[in-house]
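The structure appears right after this line, and notes come after that.
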Amino acid sequence: MLVPAYSGLGLLVNRGIVFVSDLILHHYALSPFSEKVRAMLGYTNLTWQSAITREMPPRPVLASLAGGYRKIPVAQSGADIFCDTATISTEIAIRAGKPELARQNCSEEVNQFIAYVELEVFFASVLSSASWALNKKVLQTLSIIDLFKFFADRIRMGRTASIPMVKPGDAPGILKQHLKDMEFRLQHDFLFGDEPNVADFAAYHSLWMVRDAGEKKFVRPYPKVNAWMDRIKAFGEGQRTEITPEQALSIAKNSEPREITEEEKQDELIGARVSISPADYAQDETLGELVGSSANRWIIARDDPKVGRVHVHFPKQGFSIVGQ
Ligand SMILES: N[C@@H](CCC(=O)N[C@@H](CS)C(=O)NCC(=O)O)C(=O)O
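Under this note's numbering, the final residue of the sequence shown carries the number 325; numbering is consecutive throughout.
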């Protein structure tokens with residue numbers, strides 16, 4: 002059965018109902034944070050359009066849509082562009098009628114857990130997933146030369162980070178401690194109960210990188226973690242259709258950004274030229290005019306010769322804003 006998103010039927014989401022959504026996801030296969038979103042789209046059984054992007058810049062289409070922001074994934078709905086999985090999750094939560102998929106609707110404990118698994122555990126997992134199996138997968142889309150450029154890019158990203166990065170020698174220890182902790186935590190089907198919330202997807206993608214993408218054995222001794230991962234994997238990735246990045250660009254060009262509410266116009270910086278950037282790593286800035294601000298997000302308007310006006314949404318948490 003097909004029902005439009007926003008219909009209010011979101012509460013009835015189950016395996017049999019497909020929710021039609023307008024979301025486009027700019028992503029690549031081996032991106033763990035993209036896997037987090039794909040798994041959420043699977044759980045909510047939303048329709049979505051997939052625009053595959055390169056594993057590293059230059060990404061000209063994304064530069065037109067999101068400005069300097071360089072992390073992946075980026076989501077899009079017409080001329081609205083969503084940076085960071087925090088804002089993307091909120092968009093999914095709204096469309097699916099599942100508020101527990103947005104971190105601002107979850108407890109402090111859940112938020113602290115997410116902060117830990119998405120920084121320290123994420124980097125420990127990426128470092129621990131290095132393997133020939135992973136290289137072979139990467140080489141399906143990158144040439145050998147690009148593979149070296151990819152490593153150089155990621156080393157540069159680590160060196161310019163403003164947070165202490167996990168040292169390669171510490172990574173396996175951090176990962177093993179996390180796995181023990183997860184095995185202990187998993188007293189129900191999901192981390193915080195019988196239904197998943199955003200924390201499950203936040204914890205899943207790093208371990209997916211280790212177990213499924215890197216094919217490393219770290220997760221093997223933990224039966225509850227394996228069973229939990231299999232449950233999330235079984236959600237699939239929703240109803241996906243492929244489009245090219247250029248098609249996504251023309252969708253943005255032929256759309257108007259959604260209206261900014263009166264409530265979102267109350268910030269004293271509204272109307273100012275600002276730059277917004279992640280505060281942790283890959284801190285490349287996006288410039289524009291601040292047009293909206295709410296408890297959890299900033300929205301800036303930018304004009305690009307290829308797409309015209311777009312609104313770019315950023316979470317407040319983990320990002321910094323500077324007036325120009
Ligand atoms: N806080 C970001 C983290 C995103 C992130 O680190 N993504 C990785 C890929 S999984 C990335 O952007 N790596 C650099 C790149 O792909 O250019 C989010 O939640 O979206």
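For every residue, glycine included, the Cβ atom is placed at its ideal position computed from N, Cα and C. Remember, it's a predicted structure, so these values are computed and weren't measured experimentally.
(request) Give a single yes or no on whether residue 114 has its beta carbon closer than 7 Å to a heavy atom of ligand 1. (result) Residue side-chain check: residue 114 keeps its Cβ at 7 Å or more from all non-hydrogen atoms of ligand 1.
| field | residue 184 to residue 229 span [Cα, whole Å] | value | The alpha-carbon atoms of residue 184 and residue 229 are separated by roughly 10 Å.
| request: Pick helix, strand or coil for residue 153, following the three-state DSSP scheme. | output: In this structure, residue 153 counts as helix in the three-state DSSP scheme.
Taking only three categories from DSSP, how would you classify residue 315? Strand at residue 315.
Classify residue 218 as buried or exposed, calling it buried when 16 or more other Cβ atoms lie within 10 Å of its own Cβ. Here residue 218 is exposed, its C-beta having fewer than 16 other C-beta atoms within 10 Å.
Please identify the residue among 201, 117, 130 whose C-alpha is closest to the C-alpha of residue 211. The candidate whose alpha carbon is nearest that of residue 211 is 130.
Beta carbon of residue 313, beta carbon of residue 82: below 8 Å?
The Cβ-Cβ distance between residue 313 and residue 82 falls below 8 Å.
Does ligand 1 have a heavy atom nearer than 7 Å to the CB of residue 236?
-> Residue 236: no, Cβ never under 7 Å from ligand 1.
query: Would DSSP call residue 236 helix, strand or coil?
result: In the structure shown, residue 236 sits in coil (DSSP, three-state: anything other than H, G, I, E or B).
Original post:
Taking Cβ to Cβ, would you say residue 310 is nearer than 8 Å to residue 80?
Top reply: Cβ distance < 8 Å, so residue 310 and residue 80 count as in contact.
Status (buried if at least 16 other CB within 10 Å, exposed otherwise) for residue 235
Answer is exposed; the Cβ neighbour count stays below 16.
**Prompt:** For residue 219, which three-state DSSP category applies?
**Reply:** Coil at residue 219, not helix or strand.
Q) Under 8 Å between the Cβ atoms of residue 275 and residue 293? A) Taking C-beta atoms as the reference points, residue 275 and residue 293 fail to come closer than 8 Å.
Could you please go through the chain and list the residues whose beta-carbon is closer than 5 Å to any non-hydrogen atom of ligand 1? This selection yields 32, 33, 34, 72, 73, 85, 86.
| request: Answer yes or no: do residue 95 and residue 200 have a C-beta to C-beta separation smaller than 8 Å? | output: Using a Cβ distance threshold of 8 Å, residue 95 and residue 200 do not count as a contacting pair.
- Please confirm whether residue 93 and residue 47 have their CB atoms less than 8 Å apart. A contact, by the Cβ cut-off of 8 Å.
Original post:
First and last residue of the beta strand (DSSP E) that includes residue 289?
Top reply: That run of the beta strand (DSSP E) goes 287 to 294.
Between the CA atoms of residue 263 and residue 127 - distance to the nearest angstrom | Using only the alpha carbons, I get a separation of about 42 Å.
Which residues in the same chain have their Cβ closer than 6 Å to the Cβ of residue 89, if we skip the five residues on either side of it in sequence?
-> So the list reads 38, 76, 83, once near-sequence residues are dropped.
Suppose contacts are defined by Cβ-Cβ distances below 8 Å. Is residue 280 in contact with residue 320 by that definition? Result yes, Cβ atoms of residue 280 and residue 320 sit closer than 8 Å.
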